[in-house]
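J.: Numbering (our numbering), first residue to last: 528 to 1108.
By construction, the Cβ of each residue, glycine as well, lies at the ideal position given by its N, Cα and C atoms.
(1) Considering only C-alpha positions, which residue in the set 829, 871, 866, 622 is nearest to residue 857?
(2) Whole angstroms is fine: what's the gap from residue 647's alpha carbon to residue 1043's?
(3) In this structure, what does DSSP give as the bridge partners for residue 1064?
(4) Between residue 872 and residue 932, which are expected to be in contact by the criterion C-beta below 8 angstroms, what is the C-beta distance as a whole number of angstroms?
(5) Where does residue 1032 sit, in a helix, a strand or coil, going by DSSP?
(6) Counting C-beta neighbours from all protein chains within 10 Å, is the total for residue 1073 16 or more, i.e. buried, or is it exposed?
(7) Assuming contact is defined by CB atoms lying nearer than 8 angstroms, are residue 1018 and residue 1030 in contact in what I supplied?
(8) Please classify residue 854: is it buried, with 16 or more other beta-carbons within 10 angstroms of its beta-carbon, or exposed?
(9) State the start and end residues of the unbroken alpha helix (DSSP H) segment that holds residue 934.
(10) Report all residues from its chain with a CB closer than 6 angstroms to the CB of residue 621; omit the five preceding and five following residues, and keep chain order.
(11) Secondary structure at residue 1102, three-state DSSP: helix, strand or coil?
(12) With H, G and I counted as helix, E and B as strand and the rest as coil, what does DSSP make of residue 958?
(13) Decide if the region 881-899 is in contact with the region 987-996; the criterion is three or more beta carbon pairs, one per stretch, under 8 angstroms apart.
(14) Looking only at DSSP bridge pairs, what is residue 964 linked to?
(15) Tell me the rounded alpha-carbon separation between residue 678 and residue 732.
(16) Specify whether the region 1065-1079 and the region 790-802 touch according to this definition: at least 3 beta carbon pairs, one from each stretch, less than 8 angstroms apart.
(17) Go through the region 698-745 residue by residue and report every complete run of the alpha helix (DSSP H) that reaches 4 residues or more, in order.
(18) Could you tell me which residues DSSP puts in a beta bridge with residue 1089?
(19) What are the boundary residues of the beta strand (DSSP E) that residue 1077 is part of?
(20) Within the chosen definition, does the region 934-946 reach the region 955-968 through at least 3 CB pairs nearer than 8 angstroms?
(21) Measure the CB-CB distance between residue 1046 and residue 874 and report whether it falls below 8 angstroms.
(22) Using the C-alpha atoms, what's the distance from residue 945 back to residue 961?
(23) What are the partner residues of residue 520, as DSSP defines its beta bridges?
(24) Around the C-beta of residue 670, are 16 or more other C-beta atoms found within 10 angstroms, so that it is buried, or is it exposed?
(25) If residue 699 sits next to residue 657, beta carbons under 8 angstroms apart, how far is it from one beta carbon to the other, in whole angstroms?
(26) Spatial neighbours of residue 949 within its chain, please: CB distance less than 6 angstroms, with the 5 preceding and 5 following residues excluded, ordered by chain position.
(27) Along the chain, where does the beta strand (DSSP E) that runs through residue 773 open and close?
(28) Inspect the beta-carbon positions of residue 1048 and residue 797 and report whether they are closer than 8 angstroms.
(29) Assuming residue 643 is part of the alpha helix (DSSP H), what are its boundary residues?
(30) Who are residue 906's beta bridge partners in DSSP?
(31) On the DSSP bridge list, what partners appear for residue 900?
(32) Are residue 702 and residue 662 close, meaning C-beta to C-beta below 8 angstroms?
(33) In whole angstroms, what separates the C-alpha of residue 812 from that of residue 863?
(34) Judging by CA-CA distance, which residue of 675, 725, 664, 1082 is the nearest neighbour of residue 905?
(35) Pop quiz: residue 888 and residue 1066 are said to be a contact at Cβ under 8 angstroms. What is the actual Cβ separation, rounded to whole angstroms?
This is how it looks when you write it as structure tokens:
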């Protein structure tokens, strides 16, 4: 198969497959059916822009579509979880490269999550962790930095300190610029020294600002990708600011990676109660028949923080609460909640259903959203700052720190059911929860016993994602004694009481899934497109019209407008009732 000279890197790749035996061994290792190889290979459109990795081509762009199960004919060979547990793992090694290793996310979340996986024996026998950042640092200084945030489980074992020291000895550091091919080539040389000739798989975690994603991916993909193992890249949000910038970012990443190599992380999808959502729904007969407009009156997805933007004002002011929380965390939970039953638990089947429900949703209108911004005040002798008191925030900023929205899904299951989303900073409490309010009992014999409270005679399912993970169902119950007095009681599953094992951090689960090649908790590009399509028009309108956010006191329950929005659809926010305070 002769190729144009402009694709000389492609030609060198083909030469590496000239031996049928070599081709067979590589494809057998990848456990992917590439027969016939030429048919699959011709489905790739190669851009004029090229990059090399010791004579091997990095796939530049593909036509597989987002649901393809093929993982790339040259660079990307899937290492399954079965592979890690087989005798073949002695022939492989895993290199985890944390790009942006000196940042807060790496120190507080990524390195502790990696240690937790090592502590629980979830990492392969042969692995190394490399920190990469612009800061000048030695291996010893990196280890000292990491050690400050490492902790053992509640069930601390006697060998915890030994395990910690063993983990730290596998951590190394390389300083370099994020867009420097020379520095990434130096990193590649160091990685090869540690990989000692084994089949190497490499996982890059981009814990860096989004404006340097592409430069880092280009350098890593061209100069530091694995030659014969798989190479995967975890990308942190934000994934753009709107539909256009998101598509541009995806297109830029796909110049150097194929879709199956990109793991877009939303850490809320790794939360224990979010992952349990589909189990609760699809494996319990008592809930599945009720999961529709016939029985559910409204659904509320609520996120609140009891602190402001302290230390993050500059970043936050560029995005605001809608982009930072609502368009990703809450919308992802909504999609999992509302999707139809997937064909299987396979990642593509689940993500296909999420895309379907997102595409069935109405685009958010400005009349169905309320925005707010916290203001300073004094209470109990303590002074609380306003959002614009942050030195990194302009005095005239209109960036919302609070948003409440009413969204609808136009399909047969959810027609006319309001999904209310609420997210805010500097509120009265910290938490995240899903509230499912059921309809009234038709012809309820005991309606008069509830007085005038329209919500008292309805059931409510509450899934508390954080803190103090719990699931509880509010039911109506007779108060013991003479006479007929009714009360609301909770059937309560409090995780800390039921389960003694510590709940893993979301980053532990997501890192393990990325290493294992499990994609169901990561976001696909068409899923991202569908999510941005819902919010981009209203974001554009709010910003072009300079809509002023409603002010609310720091530490309050948020702007009054949020209550009017809920009342518009005959709903009361469940987190504001006296029994939940």
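T.: Here's the rundown:
(1) Here residue 857 corresponds to residue number 330 of the chain shown, with the count starting at 1. Measuring from the Cα of residue 857, the nearest candidate turns out to be 829.
(2) The sequence position of residue 647 within the chain shown is 120, counting from 1. The sequence position of residue 1043 within the chain shown is 516, counting from 1. Roughly 15 angstroms between the two C-alpha positions.
(3) The residue labelled residue 1064 in the question sits at position 537 within the chain shown. Paired residue(s): none; residue 1064 is not in a bridge.
(4) Counted from its first residue, the chain shown places residue 872 at position 345. Counted from its first residue, the chain shown places residue 932 at position 405. At roughly 30 angstroms, the Cβ-Cβ gap does not stay under 8 angstroms, so residue 872 and residue 932 are not in contact.
(5) As a first step, residue 1032 is located in the chain shown; it is residue number 505 there, counting from the start. In this structure, DSSP gives residue 1032 a state outside helix and strand, which the three-state scheme calls coil.
(6) Here residue 1073 corresponds to residue number 546 of the chain shown, with the count starting at 1. Residue 1073 is exposed by the Cβ-count criterion.
(7) Translated into positions along the chain shown, residue 1018 becomes position 491. Translated into positions along the chain shown, residue 1030 becomes position 503. No. Outside cutoff.
(8) Along the chain shown, one-based indexing puts residue 854 at 327. That one is buried.
(9) Counting from one through the chain shown, the residue named residue 934 turns up at place 407. No alpha helix (DSSP H) contains residue 934, which is instead part of the beta strand (DSSP E) from 929-934.
(10) The sequence position of residue 621 within the chain shown is 94, counting from 1. 651, 654, 728.
(11) Taking the first residue of the chain shown as 1, we reach residue 1102 at position 575. Helix, per DSSP.
(12) Numbered from its first residue, the chain shown carries residue 958 at position 431. Strand.
(13) No, they do not touch.
(14) Stepping through the chain shown from its first residue, residue 964 is reached at position 437. DSSP output for residue 964 lists 825, 987 as bridge partner(s).
(15) Residue numbering aside, residue 678 sits at position 151 when the chain shown is read from its first letter. Residue numbering aside, residue 732 sits at position 205 when the chain shown is read from its first letter. Each residue's Cα considered, the two are about 21 angstroms apart.
(16) no
(17) 708-722
(18) Numbered from 1 along the chain shown, position 562 holds the residue referred to as residue 1089. Residue 1089 is not bridged to any residue.
(19) Residue numbering aside, residue 1077 sits at position 550 when the chain shown is read from its first letter. Where residue 1077 is concerned, the enclosing beta strand (DSSP E) stretches over 1077-1080.
(20) no
(21) Looking up residue 1046 in the chain shown gives position 519. Looking up residue 874 in the chain shown gives position 347. Yes; because the gap between Cβ atoms is below 8 angstroms, this pair is in contact.
(22) One-based indexing of the chain shown puts residue 961 at position 434. One-based indexing of the chain shown puts residue 945 at position 418. If I take the Cα positions, the gap works out to 13 angstroms.
(23) No answer is possible for residue 520: the residues shown for the chain start at 528 and end at 1108.
(24) Taking the chain shown and counting its residues from 1, the one referred to as residue 670 is at position 143. That one is buried.
(25) Taking the first residue of the chain shown as position 1, residue 699 is located at position 172. Taking the first residue of the chain shown as position 1, residue 657 is located at position 130. Between residue 657 and residue 699 the Cβ distance is about 5 angstroms, and since that is below 8 angstroms, they are a contact.
(26) Walking along the chain shown from the start, residue 949 turns up at place 422. The residues are 829, 931.
(27) As a first step, residue 773 must be located in the chain shown, where it is residue number 246. Here residue 773 belongs to no beta strand (DSSP E); instead the alpha helix (DSSP H) covers 770-780.
(28) Along the chain shown, read from residue 1 onward, the residue named residue 1048 stands at position 521. Along the chain shown, read from residue 1 onward, the residue named residue 797 stands at position 270. Closer than 8 angstroms, so yes.
(29) Here residue 643 is taken as the residue at index 116 of the chain shown, counted from 1. Counting along the chain, the alpha helix (DSSP H) containing residue 643 begins and ends at 638-646.
(30) Indexing the chain shown from 1 puts residue 906 at position 379. Its beta-bridge partners are 909.
(31) Counting from 1 along the chain shown, the entry for residue 900 is found at position 373. BP columns for residue 900 point to 1078.
(32) Translated into the one-based positions of the chain shown, residue 702 becomes position 175. Translated into the one-based positions of the chain shown, residue 662 becomes position 135. Yes, they are a contact pair.
(33) Your numbering for residue 812 matches position 285 in the chain shown. Your numbering for residue 863 matches position 336 in the chain shown. Approximately 18 angstroms, taken between the alpha carbons.
(34) Counting from 1 along the chain shown, the entry for residue 905 is found at position 378. Ranking the options by Cα distance to residue 905, first place goes to 1082.
(35) Here residue 888 is taken as the residue at index 361 of the chain shown, counted from 1. Here residue 1066 is taken as the residue at index 539 of the chain shown, counted from 1. Here residue 888 is actually not in contact with residue 1066; their C-beta atoms are around 16 angstroms apart, not less than 8 angstroms.
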